[in-house]
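Numbering (the working numbering), first residue to last: 6 to 254. Idealized CB from N, CA, C, for every residue including glycine.
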Amino acid sequence: MVAVMNAQRVVPTATACNGKAATRVAFAPSSIRGTAIHAMPARAARKEISTVCKAVAPLVGNPAPEFSATAVFDQEFVDMKLSQFKGKYVVLFFYPLDFTFVCPTEITAFSDRYDEFKALNTEVLGVSVDSQFSHLAWIQTSRNEGGLGDLAYPLVSDLKREISEAYQVLAADGVALRGLFIIDKEGVIQHSTINNLSFGRSVDETLRVLQALQYVQSNPDEVCPAGWKPGDATMNPTPEGSKEYFSAL
6 MVAVMNAQRV VPTATACNGK AATRVAFAPS SIRGTAIHAM PARAARKEIS TVCKAVAPLV
66 GNPAPEFSAT AVFDQEFVDM KLSQFKGKYV VLFFYPLDFT FVCPTEITAF SDRYDEFKAL
126 NTEVLGVSVD SQFSHLAWIQ TSRNEGGLGD LAYPLVSDLK REISEAYQVL AADGVALRGL
186 FIIDKEGVIQ HSTINNLSFG RSVDETLRVL QALQYVQSNP DEVCPAGWKP GDATMNPTPE
246 GSKEYFSAL
């Protein structure tokens, strides 16, 4: 029996946290999808798929992969480590490339709201596979010309793609997907999202999730319902507590 499936290949990546290698699944071009690529028994095909699924560990709840890199901040090149922000929350977001289209709308939106993140003891870091020189050139380009202008937070260079691989956001064409991670004060990833390249992310939603995370970490006996914002009712995660919450709606 021939297994007909989208072609996949497992690509070993740079070593991530705890000494375990991360794994990236790269999809073959659409021109060969749906063809009989692997002439193998169905049982063997299932085994290969199972191996792929088990290789990619969820990042949420695990320590954020450490990295050292060159960043651009205040129009200067600076050496940076993720661990230098221990004791703060970190919003780490990836974008595909400098001098593109959706990306500047996201990057400037986070910069314009940076003081709100700072008030929540949170640092913001942007990452792409571009060089620090490309970052600098884009920052030195005015916004009305498609540039960034001055930013309130650093842009990190991931030219070797090691950071993107460790965070499992590297696409098969070599650019990073729109991944966003919220890392807590202890260096643990508590939230992640990954978008298709065609649409951007919401600063409002990032702030809301960050506030909900900080609330439940300060109030471990409570949980935040969907769409929770500061001042809204929370819930005690017990049968009695949930009944009390829903009866008040």
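Nearest-angstrom Cα separation, counted from residue j out to residue i
i	j	result
Y94	S88	11 angstroms
M6	A177	Residue placement at M6 cannot be trusted, given a pLDDT of 40 that sits under 50; the coordinates are not used to answer.
L218	G66	12 angstroms
E150	H140	15 angstroms
P225	E245	17 angstroms
F98	C229	24 angstroms
G92	P70	16 angstroms
F190	H196	The sequence shown places Lys at residue 190, rather than the Phe named in the question. Computed Cα separation, rounded: 13 angstroms.
P68	F106	32 angstroms
A26	R166	Model confidence at A26 stands at a pLDDT of 43, short of 50, so the residue's coordinates are unreliable; what they give is reported in the following sentence. Whole-angstrom Cα-Cα distance: 15 angstroms.
Residue of the options minimising C-alpha distance to residue i
i	options	result
I168	L254, G151, F186	F186
L164	P68, F72, P63, T243	F72
D79	R118, L160, A124	L160
G122	L212, A238, F251, N67	The amino acid occupying residue 122 in the given sequence is Phe; Gly does not appear at that position. The shortest Cα separation from F122 among L212, A238, F251, N67 belongs to L212.
Y220	D209, A74, M240	M240
Y172	T243, D209, S133	S133
D103	E81, Q137, N126	Q137
V174	I194, N200, Y119, R118	N200
Q216	M85, L64, L125, D84	L125
P63	V193, P235, F82	V193
D117	S147, T146, S223, L156	L156
L254	R148, D237, T243	D237
For residue j and residue i, believed in contact at Cβ under 8 angstroms, the rounded distance
i	j	result
P101	A231	So it is not a contact: roughly 30 angstroms between Cβ atoms.
I144	L130	Going by Cβ atoms, the distance from I144 to L130 rounds to 15 angstroms, so no, they are not a contact pair.
- Would the stretch 108-120 and the stretch 199-209 be scored as touching if the rule is three or more Cβ pairs under 8 angstroms? yes
Any alpha helix (DSSP H) of 4 or more consecutive residues that is wholly inside the stretch 153-223: 167-171, 208-223
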